[in-house]
Structure formats: structure tokens, C-alpha cells
Amino acid sequence: MRDVVPLLSLTLLAVCDAHVALTFPEARYPALDFLDTSRTMGPCGVPKQRIPHYTSLSVGSTYNFTWRMQYPHQGGYRIILMDKDGTTVEELAPVNGMEFAGTDDQTSQSQNVRFTRACSECTVILERQALEWGKSYRFRSCADVNVLETIPEDDQCSGHGTVVNSRCVCEHGHTGDICQYK
């Protein structure tokens, strides 16, 4: 029995850290990476928090959305912007009319996106296919965002830095063009 506990712990670690979770914008709490479309409900798999953390993004700006993925599932991914009523506002990736992006590189963990419309109290949804488990099987991760015409100065560096000469100077422990990574 004493030998079984460490084995079970390692197994749980492997299962809980094997799929997809947004790193920018920051994934909705709790930032679980095994939220699939067959065992969890709603578009995100976890409900929106009572007081959510919103990442402020700007209309017309290009952002490098990133996620972590420890296992390259078969298939691609898509990223959409959904309003607070659950209506799709914008398809961010792919933008070429295809259903999924990244099918040619299943290890891809980033995508440049550009917003063309403002959207307050909205949700970014990343869906990652896992075709080896079925045609409609997907993992997902969500981030709560405000897409604004102009971002207030105190929010331009993700709340973790200050703007100096039109660039973000990040607080200790934060990195990235807009101090988005911890």
C-alpha cells in the first residue's frame, strides 16, 4: 500500500497536467488544463467567477496569445471571442474560413490575434482538438477579457508594470511586452 500512494500521485500529476491552458490572456480561475467537452459543461468547463479577473486588450492591436500544452493532441485549435450573453463576437483563429488552425503543427502553443471590435466583460475561448479520442473531443481554456477602444494607462502593462517611453517596465517577477507573464 505504501508503494501505491506515490504511484497514484504521479499518475494524477500526469493526468492533471496533460492538455491545454491559456497563459496569456490569463486562464479563468481555476486554471485547470483538463477541461474537456465530454465531461464538463458550458463553453468553458468552469463557471465565471463572481468577481472575475479581466485582462484589458485593445481593439486594433495584435497580441500573441499563448498556452501550455504538455501533449500534442491530433488536430488543431480555434480561438473565439464570446460576449457575456454567450454570442460569438469574433473568430480570432483561424481567420481564413477554416474550422481549426494549427493542424499542420500540433505542437503550436501560440497564435497572433487581432481584435476588430470592442467587447466588455467578454470571454476568450481556446478549443484544442484531440482527434485520437474522437472527432468531436476537445479540450478548452477560457480567459475573461475587456476589449477596449483605449486601455487606461494603469492597465496598459497588465497591472504589473508602468509605461516608460511607450514601453512597459515590469515589476519584479513579471515579464513580457505588457508584463503579462509571472
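Note that the sequence shown covers residues 1 to 182 in UniProt numbering. By construction, the Cβ of each residue, glycine as well, lies at the ideal position given by its N, Cα and C atoms. The structure displayed is predicted, hence computed values, not measured ones.
Rounded to the nearest angstrom, what separates P6 and Q70 at their Cα positions? Below a pLDDT of 50, predicted positions are generally treated as unreliable, and P6, at 40, falls in that range; the measurement from the model is reported next regardless. Their Cα atoms are separated by approximately 21 angstroms.
Beta-carbon contacts of G75 that lie in its chain and below 6 angstroms, excluding the five residues immediately before and after: Q129 and L131
Runs of beta strand (DSSP E) lying entirely within the region 47–99, each at least 3 residues, in chain order: 55–58, 62–68, 77–82 and 88–93
Using the Cα positions of E149 and S58, report the straight-line distance between them to the nearest angstrom. 6 angstroms
Please list the terminal residues of the continuous beta strand (DSSP E) segment that includes C142. R138 to L148
Buried or exposed: I178, going by 16 or more other Cβ atoms within 10 Å of its Cβ? buried
As a quick exercise: from S38, H160, C157 and R68, pick the residue whose alpha carbon is nearest that of T23. R68
Identify whether D105 lies in helix, strand or coil by the three-state DSSP scheme. coil
Opposing strand residues paired with D36 [DSSP bridges]: F139
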